[in-house]
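Reminder that position 148 of the sequence shown reads as 1122 in the working numbering, one-by-one numbering, no gaps.
From the three backbone atoms N, C-alpha and C, an ideal C-beta is built for every residue, glycine too.
To start, the structure under review is shown below, and the notes come after it.
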Amino acid sequence: MHRLAMLLVAVATTASAQTNPVAQPSKLDTAWQARTRALFEQVIEIPTVAKRGEMPRMAKLIADQLKAAGIPAGDIHIMPHEGITGDQTVTMIARWRAERATKKPILILGHMDVVEAKRDDWSFDPFEFREEGGYFLGRGTADMKSGIVATTLALIKLKESGFRPNRDLILFFTGDEETAQVGALKGSTEWRNLTDAEFGLNADGGGGSYDRTGRPISFGMDAAEKTYQTYFLTARNPGGHSSRPRPDNAIYDLADALKKVQAHRFEPMLMDVTRAYFSERQKDEKGPLGDAMRRWLANPKDGAAADLIEASPLEVGRTRTRCVATMLDGGHADNALPQSARATVNCRIMPGVEPATVQTELQRLAGNAIEVKPDPSFIGKPTPVLPLLPHVVAAYTAAVQRLHGSSMRVIPNMTTGTTDANFFRSVGIPVFGADGGWGISPDDERAHGLDERIPVRAAYDNVLHWETMLRELAGN
Ligand SMILES: [Zn+2]
């Protein structure tokens, strides 16, 4: 869904001149730079937007690279399926089999599809690959064809170097992540025999940033995701003529219920991932916000401390389930008493909490006169609280710091958005957003937007990043 949308935490500002990270050469050797550029160009120029029928071409291109590197055709599966109605897409699953596996496989996730880009809005053709001013440009450069290229080439580079993994490495590239996410749903259920793993590494998450002066900010490692669920709150009433108001009224009753939802605070919850996040974050905050973080870490039952944290725009949504009214619909004529009024309340639910529990809590707040029902068109998939695997965090941190130095921090993170990863988390496979892409914040945050780009060095670094991480996690 998105990358580089990481916490933009401004650390103490010193005006010292830093070297521009975009202008530094990549440590990837020039032969591999050329191979990376060539594959990147090919994949960017395939417009893998939903309903254009281009996904099989991209999947075949990747599959051909893997076959040429010696992955047997029988271990590569291109699975056709429908995405959103009328979109014939594919998911590609390829396995590099260990000669003697001593551990369960690692699943490497990515998506081949991109969000639509209109030629007229961009300053150049979004499906023409360009290099300009130290950047690669084109739709999908940041979200997330750089990750597809980097993971594919890292596997091939490892294979050519004679590396022997101690476990199977599985590439799982979907073709409808930006739309229906059917590939991830099937991948986590009916194709589980092809995808089962100890854990997943998602190239569509993680990533880092430098500020405009070239100072390292941080890399984020996405390790948990909230569950998305919308509810409808409906008040009904016999209505009547507006010249003769009744004591009860659908609009007032709904308004009363919404004010209670507004005032309500769900119970704060601290888990592995957010504990690690706030332990890092509090180091930047010397004032009241930092004090609240330290108090909450010491005592997760301290609701007042959690309230203070939650009130910060940088931290909103990280301490608890949040529900907010987003739409209203009610009444039918200006001279009639309303017969019904309905509010849409969108909730972002903490891992480990069932949407049914949130529904019960909303019902208790709204009272029996209000009907509370989940939106039937999208039933959220709850995820369990999964552990932050220390060896995975260590491998990601080592890969990041090898390329960016030890002053680049790595911060585990719970995202409030939704990606393919959650389908696997919901069946118990922990997934970590672990890409090595980076940019200048906020100038390079253009995923889904205009003139999308990634620093040339970041695209090359990303191959080394994945190679380093996989060597660590699948080496002997
Ligand atoms: Zn994405």
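| query | result |
| --- | --- |
| Going by alpha carbons, who is nearest to residue 1401 out of 1440, 1380, 1372, 1357? | 1357 |
| Under 8 Å, do residue 1327 and residue 1295 count as touching if we go by C-beta distance? | yes |
| Say yes only if the C-beta of residue 1246 is nearer than 7 Å to one or more non-hydrogen atoms of ligand 1, and no if none qualify. | no |
| Check whether the Cβ of residue 1134 lies closer than 7 Å to any heavy atom of ligand 1, and answer yes or no. | no |
| Return helix, strand or coil for residue 1241, following the three-state DSSP convention. | coil |
| At a cut of 8 Å, does the segment 1149-1166 reach the segment 1200-1218 through at least three beta carbon pairs? | no |
| Secondary structure at residue 1450, three-state DSSP: helix, strand or coil? | coil |
| Taking 7 Å as the limit between beta carbons, can you name the residues of its chain near residue 1096, skipping five residues before and five after? | 1424, 1425 |
| Let's see if you can read the secondary structure: which residues bound the beta strand (DSSP E) around residue 1168? | Here residue 1168 belongs to no beta strand (DSSP E); instead the alpha helix (DSSP H) covers 1166-1169. |
| Run through the DSSP bridge pairs and tell me what residue 1299 is partnered with. | 1319 |
| Spatial neighbours of residue 1369 within its chain, please: CB distance less than 6 Å, with the 5 preceding and 5 following residues excluded, ordered by chain position. | 1443, 1446, 1447 |
| Mapping DSSP to helix, strand and coil, what is residue 1268? | helix |
| Using DSSP with H/G/I as helix, E/B as strand and the rest coil, what is residue 1422? | coil |
| So within the segment 1367-1404, which uninterrupted beta strand (DSSP E) runs reach at least 3 residues, ignoring any that extend past its ends? | 1383-1389 |
| Which one of 1434, 1371, 1427 has the shortest CA to CA distance from residue 1407? | 1371 |
| My assumption, with CB atoms under 8 Å, is that residue 1142 sits in contact with residue 1054. Please give the rounded CB distance. | Actually they are not in contact, since the Cβ atoms of residue 1142 and residue 1054 sit about 24 Å apart, beyond 8 Å. |
| Got a sec, what are the start and stop residues for the beta strand (DSSP E) residue 1359 sits in? | No beta strand (DSSP E) contains residue 1359, which DSSP labels as neither H nor E. |
| If we call anything under 8 Å between Cβ atoms a contact, is residue 925 one with residue 1436? | Look at the range of the chain in this structure, 975 to 1450, and you will see that residue 925 is not part of it. |
| Could you pull out every residue in the same chain whose Cβ sits closer than 6 Å to the Cβ of residue 1172, ignoring the five residues on either side in sequence? | 1078 |
| So, using beta-carbon positions, are residue 1178 and residue 1112 closer together than 8 Å? | no |
| Who are residue 1346's beta bridge partners in DSSP? | 1207 |
| Taking the DSSP output, what are the residues bridged to residue 1215? | 1310 |
| Rounded to whole angstroms, what is the Cα-Cα separation between residue 1059 and residue 1068? | 26 Å |
| Put residue 1062 into one of helix, strand or coil per three-state DSSP. | strand |
| On the DSSP bridge list, what partners appear for residue 1076? | In DSSP, residue 1076 forms no bridge with anything. |
| Report the rounded CA-to-CA distance for residue 988 versus residue 1190, giving the unit in angstroms. | Unreliable placement is indicated for residue 988, whose pLDDT of 47 sits below 50; no coordinate value is reported for it. |
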